[in-house]
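Following: one structure in structure tokens, then a few remarks.
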Amino acid sequence: MGLLGYDEFLPVLVAGLDCEFEPAQEAAEAALECYGDQAIAALDAGFDTLEGFQRLMAFGLASRLGGDAGVGLIAKHFTAFVDDDPNAISMAATVLDAEPLNALFKTKLGRNDPCPLGTGKKVKKCCCGGN
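Everything in the sequence shown is counted per the UniProt record's numbering, starting at 1 for the first residue and increasing by one.
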């Protein structure tokens with residue numbers, strides 16, 4: 001993937017997100033290594049064209065990358081994603097992996113603060129801070 005130009009990598013990344021979970025995760029993490037914030041920016045720009053599983057994978061990538069780009073993608077798109085599918089919170093909690101999110105938000109949020117992902121719950125009850 002490192003040989004692809006920026007304009008060419010998004011279709012490859014999206015195609016990678018459409019295969020089974022482990023290969024999709026590996027392809028997506030390789031894209032992050034090569035492109036970092038640019039990968040998240042491209043996913044953010046094309047988020048509305050992604051299918052459900054691809055959106056989950058995009059959230060997972062954003063949580064692993066962290067930083068402003070990763071947190072921004074999650075904050076911008078998560079509420080609408082959850083509103084579209086009532087099962088999305090439990091699916092997203094699995095894909096997002098609570099550890100990277102906890103590391104991102106640990107110093108900024110308390111257990112009783114509102115969820116930064118717009119779920120309407122407190123951090124202690126949401127997927128980014130539960131248990």
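The beta-carbon is built from N, C-alpha and C at its ideal position, and this holds for glycine as well.
Notebook entry, point to check: For the putative contact between L73 and D44, defined by C-beta atoms under 8 Å, what is the C-beta separation to the nearest angstrom?
Noted result: 5 Å
Inset, instruction - Look at the Cβ atom of I40, then the Cβ atom of A80, and state whether they are nearer than 8 Å. - result: no
In three-state terms, what does DSSP make of K121? coil
| field | Cβ shell of A62 (< 7 Å), same chain only, five flanking positions each side left out | value | I40, G70, L73, I74
Same chain, Cβ closer than 7 Å to E26, five either side skipped, listed in chain order: none
For Q38 and L32, what's the separation of their Cα atoms in angstroms? 8 Å
Opening and closing residue of the alpha helix (DSSP H) in which R64 lies:
52 to 65
Fill in: Alpha carbon of C34 to alpha carbon of Q54, nearest angstrom
19 Å
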